[in-house]
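Student:
Protein chains: 2
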Amino acid sequence: MANITKKVSWSSRGDESGGGERTPLLNGSEEVRYTRQVGLLSGEGGMFHIGRLSTVDLEEDMTSDESSQGHHVSMSSIDGVKVCVCVFQSLDYDNSENQLFLEEERRMSFLGFKCLEISRWVICGLIGFLTGLIACCIDIAVENLAGVKYYVVKQNIEKFTEVGGLSISLILWAVLNSAFVMVGAVIVAFFEPGAAGSGIPQIKCYLNGVKIPRVVRLKTLVVKVCGVICSVAGGLAVGKEGPMIHSGAVVAAGVSQGRSTSLKKDFKIFEYFRRDTEKRDFVSAGAAAGVSAAFGAPVGGVLFSLEEGASFWNQMLTWRIFFASMISTFTLNFFLSIYNNKPGDLSSPGLINFGRFESDSVAYNLYEIPLFIVMGAAGGLLGALFNILNYWLTIFRIRYVHRPCLQVMEAMLVAAVTATVSFAMIYFSNDCQPLGPDQSEDYPLQLFCADGEYNSMATAFFNTPERSVRSLFHNPPGSYNPLTLSLFTLTYFFLACWTYGLTVSAGVFIPSLLIGAAWGRLFGILLAAITPNGSVWAVPGKYALMGAAAQLGGIVRMTLSLTVIMVEATGNVTYGLPIMLVLLTAKIVGDYFVEGLYDIHIKLQSVPFLHLEAPATSHWLTAREVMGAPVTCFNRIEKVGTIVDVLSNTSTNHNGFPVIVPVLGKICGLILRSQLIVLLKHKVFVELARSRLTQRKLQLKDFRDAYPRFPPIQSIHVSQDERECMMDLTEFMNPTPYTVPQETSLPRVFKLFRALGLRHLVVVDSENRVVGLVTRKDLARYHLGKHGLEEMQLAQT
Amino acid sequence: MANITKKVSWSSRGDESGGGERTPLLNGSEEVRYTRQVGLLSGEGGMFHIGRLSTVDLEEDMTSDESSQGHHVSMSSIDGVKVCVCVFQSLDYDNSENQLFLEEERRMSFLGFKCLEISRWVICGLIGFLTGLIACCIDIAVENLAGVKYYVVKQNIEKFTEVGGLSISLILWAVLNSAFVMVGAVIVAFFEPGAAGSGIPQIKCYLNGVKIPRVVRLKTLVVKVCGVICSVAGGLAVGKEGPMIHSGAVVAAGVSQGRSTSLKKDFKIFEYFRRDTEKRDFVSAGAAAGVSAAFGAPVGGVLFSLEEGASFWNQMLTWRIFFASMISTFTLNFFLSIYNNKPGDLSSPGLINFGRFESDSVAYNLYEIPLFIVMGAAGGLLGALFNILNYWLTIFRIRYVHRPCLQVMEAMLVAAVTATVSFAMIYFSNDCQPLGPDQSEDYPLQLFCADGEYNSMATAFFNTPERSVRSLFHNPPGSYNPLTLSLFTLTYFFLACWTYGLTVSAGVFIPSLLIGAAWGRLFGILLAAITPNGSVWAVPGKYALMGAAAQLGGIVRMTLSLTVIMVEATGNVTYGLPIMLVLLTAKIVGDYFVEGLYDIHIKLQSVPFLHLEAPATSHWLTAREVMGAPVTCFNRIEKVGTIVDVLSNTSTNHNGFPVIVPVLGKICGLILRSQLIVLLKHKVFVELARSRLTQRKLQLKDFRDAYPRFPPIQSIHVSQDERECMMDLTEFMNPTPYTVPQETSLPRVFKLFRALGLRHLVVVDSENRVVGLVTRKDLARYHLGKHGLEEMQLAQT
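So the protein sequences, as listed, match chains A and B. Residues in the first sequence are numbered consecutively from 1, following UniProt numbering. Residues in the second sequence are numbered consecutively from 1, following UniProt numbering.
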């Protein structure tokens, strides 16, 4: 105990800090750099006022190949009005195997482990069931609301077509749309900004190991569900599929913890699962269940979760994830079949269903494959264009549209413009098609067409996007003329681009598919027209499908999981290879210009996102260069005052502290901020333990009860007397943290992080003394640009 | 250099040794215990004479719950005639990041990495193409040979049906079968015993990280392909699907290395991939391509590889694996379509095709799910029975049928018996069915049926198993009477059980499906008979499918990948949930009795197979208990004589050696036997380097050229003078091996091994001194039995 001052030689350093000796500034403000535009993603505190970014820097960000040093300089100057100093914490996917934990595990019988395993299955079943139920509710609500809306507008249009005065119909339509969207935007903007967008970037980050504040709360779920119903019913160019992934994740996080902190209800079950490791496993199951419900693609869901949360692949977990996905799609299917008065007809497994491609028309020929690849390239180009436009738009929004009321007004404006554009397109279109007996249109608009005919443009615009996609895939050849399709593609492209990023809950999957299906079908029609034996090619639906895949792939750049999702949604394995080739081409072409849409948005939030592999050319970096040093360490028996001071130091805000043996400085453990806070709260001080012999021993339960919202250090009162007490960390620290020597190469460190889901990695010298600490943020700085390794130096304010 | 004697204090210890302080014996013979019945799996040296096992011990192995200590005592006494001292080596999935490697990586430009990445894609495409081509050859060869056989026999039967003397037909059939099987068995038994069986256990072991000798050689592939053609054409109760997985893996191992050591041809390409890490990646792609070609299930193939090789999930790799799978199924499909004179008709993607389940008949009802679960349980029971019988049979074979000529004779006997039994069943059957106009039978046997009718039993027996499965799935209700099905199930069950494990190349998938389809259809027919509204249930094909899934699941116990394979093979997503439930039930029920068939065979070979997770109740074990100690270490600059002596010590046969700093004993690296052998071969001695200044520096290429067949130490001549030289290991050792402290719990060590694919893990004390070494065999000893943790103590001879 005479050696507490030893600590002084290790100065302030922890999880959230930056670049060690390679970063020029290591002052108190380094955590700011990850926190500037938190608003879009996290919404801690309800809203954010993000400062203006200088345009020059933005352009450097887009065209980083021009920065001669190979350094990626992104948006470094902010004239911020208010900048929130809130950091993205990481998740502790590595169990802290301290004495308490090991004792509990050793006490547990074989039967106890079996019970735990069964609970996990039950939870996954519940997750799937609830996710399916939510999907079902959303679907029914959207169908009904949109049905009422289209019915009213159709009646109105029919009424005014004869007598003139269609402008009244237009206004009615626009007002209805804006009203729906207003409700959706208000609840998102004012109550839970975290529910905005599709939620897929947030879930990607969560599975990657970044704790996004408020992302898995009940309130977020409620706002998300209501918001998505409003925005889809409001006729925006959005889908309800993306948000299902987020919804599933929230359900999983809630169910697996056996309590709701929002509702202040603790069911006292599943207490074992109250830690990041277990929770993240369940969240991945929830995300998979969401994908599964959205697309009727249980395998696709599993692969989505695996692609995003690759570091914790494990056979039993995968099997449980698959179970959750299956239950989810089954539940949705079952309840929808009851709703549609066809109980037991389990043929519509997802929210979106591409319909059955008949086996006659599915066959493709070898010589069509180059055509598909061309379509993939086109999808990649258009996707890149979409992403670049949306990137500029997002920057604009970050700068100018940051007040909730402005956000709501923008959303309403988009809704009104969507209605107006749609109306104009329908009005000026003269593409009339005969109304067949097997007409699948729910709201065929006659408008100025002859009797027994309907307006073909209206099938695309005057409909929910899901139905439009299906029509494009399956309507017989000749249902659309090329002009209709080109106009539709053009307008919908810009509408969808404008819509993504609005403060409403909505996904980008369906609009992408719709755009792609439109130009794909157009491509098919043109192909049939220019080739001599046109009749052979006359299956435009096939090209619509490929176009949809290409466009979606070009925008989101998902690969394996998207292929499987598309295959499952079409219900036909034959198209597997062409879809894969299309997606691959779209990804390669798109990546040449700009990143995927989700990655752009993740990057704009400056989330320390860890990619799957270390950059290829990073072998020249070692742990010594990457790590932060010096490190704040604690002694095994540490003075309470020292601990409180370190934890209270807001300029560092460290999260992990190596524990060392006094004098020698050798590492003997690792302790987390959250653990120290619980210890301080329960006043587990050595002196107290001696005086009050009856004091109850701190148990793992105390840590679990505090999880996941550990109180801030400021809320814990420590008296002056107590500050002089000592705290024995032996029992609570992780006695076997992973360590590496300083010479370890970056790829090796990276592999360790990814494979084990680490948050901290202690770097030691040959004497086992702590010399540095690598955190996931230290690794996230390095990424591969067009010209090799680039090191991000975010925000030097 | 004065400190070389330091090493003496660390006595002999390395990769292949066993239990450290917990194992009572640590003498020179410990590696024997992993090597006793290598014969079945590996076939190093062509054949094995495994000794008799005492019956008492065998029964202990089957009923280990009776051993009071919870210790699994397996077959410990062997009165061996000849016991081969050959060990299963492990693969080095962890890159040895020594100076040479890092220098190469650092020299490589960004473009270089891109080229490597492209080569990987090209290789995967090639793997897929060649695997598909092989599948195509097998299919065409089997179709033609079996076609000729059935045609000849049919003609003969028809000839003799009228005039009497059908015994001549029987003899003809039996002789034809035996002849085919003899050829297949002779090439396997005499030329390449490693090609026996389905090869799936071997590939599972390979992907798990165990190097099975000769498993990925060209010769094995050739024998496998010819063998499987002969055994399927010979009418055995086998399938050609399982061997495709092995074939794909061999193709991958060959193509990715850019050379064939068997053909002594080096194309000087893909040299970068000549190490275990890369090779294993490609082998997993090959296995996936094999599954994909076999079942037309590219996603199932990817999941199969991932289930088995879970430790190296990585998005890019998965995507490449998927590419290989897609190409494989496409190639097969394309060439088959040309062969069938329907070029471009890509509707038969796999060797086995379950045919199209029409959407009308596919729907199932909620109340059918309990029935499916009952079928799953039945499949689990029957599967367990199959496995237990086959286990006994395998033990019998190990003891008595170990000579190649005996093995060939057994195979021929089985072939003859199969023909006889089939003939008897057909002969005594009086189940005649009308020969419809849309008859899909290729060889309808009229036999004693009226004109215009055919013998229904013959559709099951007088056909390749693939066609029989399809008939059971799709023939209209009433095609089979219940008696036919029960008799067929009964006989085929025992025939298949007897057949698996014969010295022929053959898979167990199709026979399992066939047995299951038969009793499943029977179940459906009975169900329709006892329920009042039988017509609703009258889709026996649905129950045949579920029965097939249940039986296969009960035998092989695969879960996620099998569900996806089944779904892809049926081409219908709707059955996903019931198939999953059936497989899950079958696994749970079956696991209660006995392990899966492949696991039984892996266990019988005593392969150190690492399961996916540490046993649940193993938290009380730490690295100290698990590790082997003391460890043979080398100094950084070591005397050549010492190295040669250690490597030559056949009683230890270590593979990994920690390198320590003299005097202090602190760890500074890890070097492998293979590296030392290359160093010795090139005589990289310090003295020589000084005298011959022009000597070329050893490069990574020298290591790659020697890979994978490093010469044994005995073949390297080191003169007495050279023995006195010194060797500097600094440049060649891995300077940053993973280390853990002694207190690390077993699950933590296990996680590290699985996640990083380790072979050796150095255990250090607080001073960073080497105190032990954990190898994968140390971990494989612990497994979870019925009553908690069990420690295997294999072979104490």
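Yeah, the Cβ is synthetic: ideal placement off N, Cα and C, and Gly gets one too.
Is there a Cβ of chain A sitting closer than 9 Å to that of residue 542 (chain B), yes or no?
Tutor: Here the question's residue 542 (chain B) lines up with position 542 in the second sequence. Not an interface residue.
Student: Answer with yes or no whether the minimum CB distance from residue 798 (chain A) to chain B is below 9 Å.
Tutor: Outside the displayed range of chain A (1 to 797) lies residue 798 (chain A), so it cannot be described from this structure.
Student: Any Cβ of chain B within less than 9 Å of the Cβ of residue 596 (chain A)?
Tutor: Within the first sequence, the letter at position 596 stands for residue 596 (chain A). No - not a single Cβ of chain B is within 9 Å of the one on residue 596 (chain A).
Student: Between the beta-carbon of residue 564 (chain A) and the beta-carbon of residue 598 (chain A), is there less than 9 Å?
Tutor: Here residue 564 (chain A) is taken as the residue at index 564 of the first sequence, counted from 1. Here residue 598 (chain A) is taken as the residue at index 598 of the first sequence, counted from 1. It is not a contact, given that the beta carbons lie outside the stated cut-off.
Student: Is DSSP giving residue 702 (chain A) helix, strand or coil here?
Tutor: Position 702 of the first sequence, counted from the start, is the residue given in the question as residue 702 (chain A). DSSP places residue 702 (chain A) in helix when its eight states are reduced to three.
Student: With respect to the beta strand (DSSP E) encompassing residue 657 (chain A), which residues constitute its N-terminal and C-terminal limits?
Tutor: Taking the first sequence and counting its residues from 1, the one referred to as residue 657 (chain A) is at position 657. Residues 656–660.
Student: Check whether chain A comes within 9 Å of residue 576 (chain B), counting only Cβ atoms and requiring the distance to be less than that.
Tutor: Locating residue 576 (chain B) in the second sequence gives position 576, counting from the first residue. Yes - at least one Cβ of chain A is within 9 Å of the one on residue 576 (chain B).
Student: For residue 296 (chain A), would you say it is in contact with chain B, using Cβ-to-Cβ distances shorter than 9 Å as the test?
Tutor: Reading the first sequence from its first residue, position 296 is the one you call residue 296 (chain A). Yes, because at least one Cβ of chain B sits closer than 9 Å to the Cβ of residue 296 (chain A).
Student: What are the start and end residues of each continuous alpha helix (DSSP H) run of 4 or more residues lying completely inside the stretch 509–557 of chain A, in chain order?
Tutor: Whole alpha helix (DSSP H) segments, 4+ residues: 509–530, 534–537 and 540–556.
Student: Apply the 10 Å Cβ neighbour rule to residue 478 (chain A) and answer buried if 16 or more other Cβ atoms are within range, or exposed otherwise.
Tutor: For the purposes of this step, residue 478 (chain A) is taken as residue 478 along the first sequence, with counting starting at 1. When all chains shown are included, residue 478 (chain A) counts as exposed.
Student: Does any residue of chain B bring its CB to less than 9 Å from the CB of residue 280 (chain A)?
Tutor: As a working note, residue 280 (chain A) is residue 280 in the first sequence. For residue 280 (chain A), the answer is no, since every Cβ of chain B falls outside 9 Å of its Cβ.
Student: Could I get the ranges of all uninterrupted alpha helix (DSSP H) runs contained in the stretch 701–775 of chain B, with 4 residues as the minimum, in chain order?
Tutor: Here the runs fully enclosed are 720–723 and 746–756.
Student: Got a sec? Which residues, its chain only, sit under 7 Å from residue 421 (chain B) by beta carbon, not counting five neighbours each side?
Tutor: Locating residue 421 (chain B) in the second sequence gives position 421, counting from the first residue. These residues qualify, in order along the chain: 491 and 495.
Student: Can you pull out the residues from the stretch 756–781 of chain B whose beta carbon lies closer than 7 Å to at least one beta carbon of chain A?
Tutor: Correct list: 756, 766, 767 and 768.
Student: Would you mind telling me which residues of chain A sit closer than 7 Å to residue 105 (chain B), beta carbon to beta carbon, in chain order?
Tutor: The sequence position of residue 105 (chain B) within the second sequence is 105, counting from 1. The answer, in chain order, is 619.
Student: Report all residues from its chain with a CB closer than 6 Å to the CB of residue 579 (chain A); omit the five preceding and five following residues, and keep chain order.
Tutor: The count along the first sequence starts at 1 and reaches residue 579 (chain A) at position 579. Within the same chain, residue 579 (chain A) has close Cβ partners 549, 563 and 566.
Student: In terms of alpha-carbon separation, which member of A:572, A:774 and A:159 lies closest to residue 356 (chain A)?
Tutor: In the first sequence, counting from the first residue as 1, residue 356 (chain A) sits at position 356. Residue A:572 is the option with its Cα nearest to residue 356 (chain A).
Student: Helix, strand or coil, according to DSSP, for residue 89 (chain A) in the structure here?
Tutor: As a working mapping, residue 89 (chain A) is identified with position 89 in the first sequence. Residue 89 (chain A) falls in the strand class under three-state DSSP.
Student: Can you name the residues of chain B whose CB is closer than 7 Å to the CB of residue 736 (chain A)?
Tutor: Here residue 736 (chain A) refers to the residue found at position 736 when the first sequence is read from its first residue. Per Cβ cutoff of 7 Å: 740, 741, 743, 744 and 748.
Student: Round the Cβ separation of residue 323 (chain B) and residue 128 (chain B) to the nearest angstrom and send it over; I've been treating them as touching at under 8 Å.
Tutor: The residue labelled residue 323 (chain B) in the question sits at position 323 within the second sequence. The residue labelled residue 128 (chain B) in the question sits at position 128 within the second sequence. The Cβ separation is near 7 Å, so the contact holds.
Student: Apart from the five residues just before and just after residue 180 (chain B), which ones in its own chain have a Cβ nearer than 6 Å to its Cβ?
Tutor: Along the second sequence, read from residue 1 onward, the residue named residue 180 (chain B) stands at position 180. Contacts found: 230, 233 and 234.
Student: Can a CB atom of chain B be found closer than 9 Å to the CB of residue 633 (chain A)?
Tutor: On the first sequence, residue 633 (chain A) is found 633 positions in, with the first residue counted as 1. Output row for residue 633 (chain A): interface = no.
Student: Along the chain, which unbroken stretches of the alpha helix (DSSP H) at least 4 residues long are found entirely within the stretch 288–314 of chain B?
Tutor: DSSP runs (the alpha helix (DSSP H)) wholly in the stretch 288–314 of chain B: 298–308.
Student: Examine chain B for any beta-carbon lying closer than 9 Å to the beta-carbon of residue 531 (chain A), and answer yes or no.
Tutor: Counting from one through the first sequence, the residue named residue 531 (chain A) turns up at place 531. Chain B, which has no Cβ nearer than 9 Å to the Cβ of residue 531 (chain A), makes this no.
Student: Can you pull the chain A neighbours of residue 349 (chain B), defined as C-beta to C-beta under 8 Å?
Tutor: Against the second sequence, residue 349 (chain B) aligns to sequence position 349. Within chain A, the residues near residue 349 (chain B) are 573 and 574.
Student: Residue 666 (chain B) by DSSP, collapsed to three states: which one?
Tutor: Locating residue 666 (chain B) in the second sequence gives position 666, counting from the first residue. Three-state DSSP puts residue 666 (chain B) in a strand.
Student: Using a Cβ-Cβ cut-off of 9 Å, state whether residue 629 (chain B) counts as contacting chain A.
Tutor: Sequence index remark: in the second sequence, residue 629 (chain B) carries index 629 (1-based). Not an interface residue.
Student: Work out the CA separation of residue 113 (chain B) and residue 281 (chain B) for me, nearest whole Å.
Tutor: Locating residue 281 (chain B) in the second sequence gives position 281, counting from the first residue. Locating residue 113 (chain B) in the second sequence gives position 113, counting from the first residue. Cα-Cα distance, rounded: 17 Å.
Student: Checking contacts by CB at 9 Å: is residue 729 (chain B) closer than that to chain A?
Tutor: Position 729 of the second sequence, counted from the first residue, corresponds to residue 729 (chain B). No, its Cβ sits nowhere closer than 9 Å to a Cβ of chain A.
Student: Output the boundary residues of the alpha helix (DSSP H) element that contains residue 433 (chain B).
Tutor: The count along the second sequence starts at 1 and reaches residue 433 (chain B) at position 433. Run containing residue 433 (chain B): none in the alpha helix (DSSP H); it sits in the beta strand (DSSP E), 432–434.
Student: Quick check: the Cα distance between residue 47 (chain B) and residue 405 (chain B), rounded to an integer number of angstroms?
Tutor: Taking the second sequence and counting its residues from 1, the one referred to as residue 47 (chain B) is at position 47. Taking the second sequence and counting its residues from 1, the one referred to as residue 405 (chain B) is at position 405. At residue 47 (chain B), the pLDDT of 31 sits below 50, so the modelled position is not reliable; the number obtained from the coordinates is stated separately. Cα to Cα, the separation comes out at about 11 Å.
Student: Check whether the Cβ atoms of residue 296 (chain A) and residue 353 (chain A) lie closer than 9 Å to each other.
Tutor: Within the first sequence, the letter at position 296 stands for residue 296 (chain A). Within the first sequence, the letter at position 353 stands for residue 353 (chain A). Yes, the pair counts as a contact, with Cβ atoms nearer than the cut-off.
Student: Measure the alpha-carbon distance for residue 122 (chain A) versus residue 430 (chain B) and round it to whole angstroms.
Tutor: Looking up residue 122 (chain A) in the first sequence gives position 122. Looking up residue 430 (chain B) in the second sequence gives position 430. The alpha-carbon atoms of residue 122 (chain A) and residue 430 (chain B) are separated by roughly 50 Å.
Student: What number of angstroms, rounded off, separates the C-alpha of residue 217 (chain B) from the C-alpha of residue 752 (chain A)?
Tutor: Indexing the second sequence from 1 puts residue 217 (chain B) at position 217. Indexing the first sequence from 1 puts residue 752 (chain A) at position 752. The alpha-carbon atoms of residue 217 (chain B) and residue 752 (chain A) are separated by roughly 33 Å.
Student: Counting only the same chain and skipping the five closest in sequence on each side, list residues whose C-beta sits under 8 Å from that of residue 815 (chain A).
Tutor: Because residue 815 (chain A) is not part of the residues shown, which for chain A are 1 to 797, the question remains open.
Student: Based on DSSP bridge pairs, tell me the residues matched to residue 455 (chain A).
Tutor: Within the first sequence, the letter at position 455 stands for residue 455 (chain A). DSSP output for residue 455 (chain A) lists A:432 as bridge partner(s).
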